[in-house]
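Here the structure comes first, spelled out in structure tokens, and everything after it is commentary.
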Amino acid sequence: MRLRSGVFASFCLALQALGVGLFLRGFFPVQVRSLFPSGTFGQVPAEPPKTGTKSEWTMTIPPIFNKVVIVLIDALRDDFVFGSKGLKFMPYTTDLVEKGTTHAFIAEAKAPTVTMPRIKALMTGRIPGFIDVIMNLNSPALKEDNLIWQAKTAGKRIIFYGDDTWIKLFPKHFVEYDGTTSFFVSDYTEVDNNVTRHLNNVLKREDWDILILHYLGLDHIGHLSGPNSPLVGPKLSEMDNIISKIHKSLLSKELEKGTLPNLLVVCGDHGMSETGNHGGSSESEIRTPLLFVSSAFQRTGGPPKYPELIQQTDISVTLALGLGLPISRNNIGKLLSPVIEWKTAREQLRLLHLNGFQLSQLLQGNVPTYEKDPGFEMFMKAEKAHGNWIQYYVDSSSTQVVMNLSKKIIKQYLEALKSLSSSLSQQVAQYDIYSMIIGMLIVLEVLFLLLLSLPKALSSKAEFQMPNSSLSSLMFFLMCLLWSAIHVVVCTSMESLCYFCSIPWIMVTGVIILASGLFWVIISLLESRVINSRQPFKVKKRKNYWNVIYNFLVVAHLSFQGRCTCYSFFLVPFCFLSVAISFSCSLRPL
Numbered sequence: 204m205r206l207r208s209g210v211f212a213s214f215c216l217a218l219q220a221l222g223v224g225l226f227l228r229g230f231f232p233v234q235v236r237s238l239f240p241s242g243t244f245g246q247v248p249a250e251p252p253k254t255g256t257k258s259e260w261t262m263t264i265p266p267i268f269n270k271v272v273i274v275l276i277d278a279l280r281d282d283f284v285f286g287s288k289g290l291k292f293m294p295y296t297t298d299l300v301e302k303g304t305t306h307a308f309i310a311e312a313k314a315p316t317v318t319m320p321r322i323k324a325l326m327t328g329r330i331p332g333f334i335d336v337i338m339n340l341n342s343p344a345l346k347e348d349n350l351i352w353q354a355k356t357a358g359k360r361i362i363f364y365g366d367d368t369w370i371k372l373f374p375k376h377f378v379e380y381d382g383t384t385s386f387f388v389s390d391y392t393e394v395d396n397n398v399t400r401h402l403n404n405v406l407k408r409e410d411w412d413i414l415i416l417h418y419l420g421l422d423h424i425g426h427l428s429g430p431n432s433p434l435v436g437p438k439l440s441e442m443d444n445i446i447s448k449i450h451k452s453l454l455s456k457e458l459e460k461g462t463l464p465n466l467l468v469v470c471g472d473h474g475m476s477e478t479g480n481h482g483g484s485s486e487s488e489i490r491t492p493l494l495f496v497s498s499a500f501q502r503t504g505g506p507p508k509y510p511e512l513i514q515q516t517d518i519s520v521t522l523a524l525g526l527g528l529p530i531s532r533n534n535i536g537k538l539l540s541p542v543i544e545w546k547t548a549r550e551q552l553r554l555l556h557l558n559g560f561q562l563s564q565l566l567q568g569n570v571p572t573y574e575k576d577p578g579f580e581m582f583m584k585a586e587k588a589h590g591n592w593i594q595y596y597v598d599s600s601s602t603q604v605v606m607n608l609s610k611k612i613i614k615q616y617l618e619a620l621k622s623l624s625s626s627l628s629q630q631v632a633q634y635d636i637y638s639m640i641i642g643m644l645i646v647l648e649v650l651f652l653l654l655l656s657l658p659k660a661l662s663s664k665a666e667f668q669m670p671n672s673s674l675s676s677l678m679f680f681l682m683c684l685l686w687s688a689i690h691v692v693v694c695t696s697m698e699s700l701c702y703f704c705s706i707p708w709i710m711v712t713g714v715i716i717l718a719s720g721l722f723w724v725i726i727s728l729l730e731s732r733v734i735n736s737r738q739p740f741k742v743k744k745r746k747n748y749w750n751v752i753y754n755f756l757v758v759a760h761l762s763f764q765g766r767c768t769c770y771s772f773f774l775v776p777f778c779f780l781s782v783a784i785s786f787s788c789s790l791r792p793l
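Residue numbers (the working numbering): 204 to 793.
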């Protein structure tokens with residue numbers, strides 16, 4: 204069979220596109236998505252009551268903080284605050300942590316540690332993928348449900364100053380803004396002065412609810428001369444003075460008006476490597492400090508020796524519930540309980556229940572076996588105990604018993620939230636290695652086929668000579684059998700379903716036949732070249748009655764592919780042995 208060079212090249216190009224598509228499908232897994240529309244408390248049930256009773260608790264919750272200021276210092280490593288540099292250059296911030304009016308954490312970011320994906324994680328509670336690195340150069344508007352959109356919808360007035368990536372992600376969301384570009388890396392002074400120059404004016408005003416400041420100077424210093432640069436110390440001192448100014452202003456406003464406590468959040472989007480860069484997953488790049496500062500926090504005892512390690516995605520849900528906003532529907536983070544522990548037991552249980560319900564609904568929409576998930580089972584038990592506690596809280600006069608019981612249920616909720624968040628995080632970050640391998644194999648097969656066909660097949664007047672062997676040959680069916688067995692072994696040994704297990708079996712069969720056909724063509728071409736060049740053997744053309752048996756095995760195996768582990772484990776070594784026997788039987792000496 205002869206193919207014109209243009210047809211052959213087009214065929215190879217189509218197969219290459221298929222292989223690359225399969226690889227990208229495995230490398231960029233489908234994100235978990237909620238089945239609900241953009242998050243509102245309208246889909247959230249009321250406080251869980253005991254069977255036969257009805258809760259009088261409202262479906263919405265009031266905010267627990269009045270004004271929120273978010274100070275995001277780009278490339279702020281955890282040791283810049285909690286290490287020796289923090290003690291030396293950030294005395295006010297360190298003093299806040301030691302006094303007990305601050306809850307300090309180490310927020311762990313996921314790769315890629317670049318600015319735009321990290322902002323998405325902070326505001327949506329979802330883990331962005333590597334595709335966001337490409338989009339980081341030209342950030343489009345964020346269409347996904349997020350904290351900024353929820354705040355704007357609720358009538359919150361948001362002011363922003365700093366990296367203009369925020370303005371691109373959230374256009375028309377800020378009542379006032381001033382963006383600075385991050386491309387002039389050599390500038391580490393004016394890029395921060397453009398933010399700070401607005402502070403004196405905006406802190407005196409009352410016409411805002413959320414203030415976001417994104418400072419870029421520290422990141423630029425890191426890119427220029429690394430984390431050990433003599434410029435780092437003065438920049439940290441500058442940030443410490445800004446934190447001091449904001450915190451004192453928020454405290455004075457509370458004394459004047461006597462309203463709800465205000466909240467100051469200090470965080471970084473990512474860290475900084477020892478060379479001053481970021482983007483990878485080293486410890487210095489993924490660990491950033493996170494401080495929640497408020498007059499409402501009165502921790503007993505001194506500060507913990509080591510701040511608790513949490514996930515960066517936990518910030519979104521904590522801020523949303525702190526502002527009385529719905530949780531972003533694709534959030535996989537868990538509520539940071541120390542931030543709400545100053546509230547009553549009933550309020551804490553209500554907030555934890557809202558977070559648990561949102562995570563359990565997200566799990567149900569993306570994991571078929573959600574009922575067997577340990578986090579889901581723990582949440583259902585905690586929710587049931589919560590409903591019983593409500594009835595006991597209303598009827599009982601023993602305050603101590605009620606308090607002890609509420610602490611137990613809070614602990615159950617926290618364990619359930621941790622497990623649910625972990626399950627969803629694994630679902631998001633689980634790359635389909637099998638699809639990636641299949642895609643690479645197809646690409647390599649096509650490349651090898653092109654190498655074997657050069658230079659004749661790709662010349663302007665040439666034609667590609669297909670092997671004379673029939674598609675019903677023993678070698679082709681052995682290849683189909685081998686690929687099918689490998690597919691069954693892989694799919695039945697994986698904890699979660701791969702992409703091929705989620706599509707119709709006829710499509711899987713087509714991919715197996717295609718890959719086997721490519722392999723058969725390559726082997727045939729190699730065989731013909733060896734015979735033509737050395738002539739040590741001659742192909743023996745004879746009818747092989749084993750073809751009928753192998754045809755039957757292939758059809759039977761493809762019918763049951765993905766459903767019989769024992770059969771497939773037997774089939775793999777059998778196929779390898781059959782391939783070796785077929786080579787020895789199909790050739791005879793001259």
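Just so it is clear, CB atoms sit at the ideal spot from N, CA and C, and this is done for glycine as well.
Only a predicted model underlies this, so the values are computations on that prediction, with no experimental measurement involved.
Beyond the five residues adjoining it in sequence on each side, Val-693 comes within less than 6 Å, by CB distance, of Tyr-637 in the same chain, given in chain order. Excluding sequence positions up to five before and after Leu-466, its CB lies within less than 6 Å of the CB of Phe-268, Val-271 and Ser-497, all in the same chain and listed in chain order. For Val-317, the secondary structure class from DSSP, reduced to helix, strand or coil, is coil. Taking 8 Å as the upper bound for CB-CB distance, Ala-619 and Ala-588 are not in contact here, some 11 Å apart. Using a Cβ distance threshold of 8 Å, Trp-369 and Ile-415 count as a contacting pair. Contact annotation: His-481 and Gly-471 have beta-carbon atoms that are not nearer than 8 Å. Look at Val-398 here: in three-state DSSP terms it is helix. Between the alpha carbons of Leu-644 and Leu-216 lies a gap of roughly 15 Å.
By the beta-carbon neighbour count (other beta carbons within 10 angstroms, threshold 16), Ser-455 is exposed. As the crow flies, the alpha-carbon of Val-468 is around 6 Å from that of Leu-494. Assigned with DSSP and collapsed to three states, His-417 falls in strand. Within the stretch 432 to 468, the runs of alpha helix (DSSP H) that reach at least 4 residues and sit entirely inside it are, in chain order, 435 to 460.
Glu-393 and Asp-367 have their C-alpha atoms roughly 14 Å apart. DSSP places Arg-408 in the coil class of the three-state scheme, outside both helix and strand. The C-alpha of Leu-453 lies about 13 Å from the C-alpha of Val-274.
Ile-535 is a Cβ neighbour of Leu-627, given a cutoff of 8 Å. In its chain, beyond the 5 residues on either side, Ala-344 have a beta carbon closer than 6 Å to the beta carbon of Pro-374.
A contact is defined here as three or more CB-CB pairs under 8 Å, and the stretch 563 to 574 fails this definition with respect to the stretch 601 to 617. In this structure, Leu-617 keeps its C-beta atom at 8 Å or more from the C-beta atom of Ile-725. Under the DSSP assignment, Asp-298 falls in the alpha helix (DSSP H) whose first and last residues are 294 to 302. Burial of Thr-383 is indicated by the presence of at least 16 other C-beta atoms within 10 angstroms of its C-beta.
Along the length of the stretch 537 to 582, whole alpha helix (DSSP H) runs at least 4 residues long occupy 548 to 569, reported in chain order. CA-CA distance, Met-326 to Ile-264, rounds to 20 Å. Contact check for Asp-277 against Asp-422 passes: the beta carbons are separated by less than 8 Å. Contact holds between the stretch 347 to 360 and the stretch 522 to 533, because three or more Cβ pairs, one in each stretch, are under 8 Å apart. For the pair Phe-308 and Ser-624, the Cα-to-Cα distance works out to about 17 Å. The alpha helix (DSSP H) runs of length 4 or more contained entirely in the stretch 260 to 292 are, from start to end of the chain, 282 to 285 and 287 to 292. Comparing alpha-carbon positions, the option among Gly-328, Asp-390 and Thr-399 lying closest to Phe-363 turns out to be Thr-399. In this structure Pro-464 is in contact with Ala-499, their Cβ atoms being roughly 4 Å apart against a cut-off of 8 Å.
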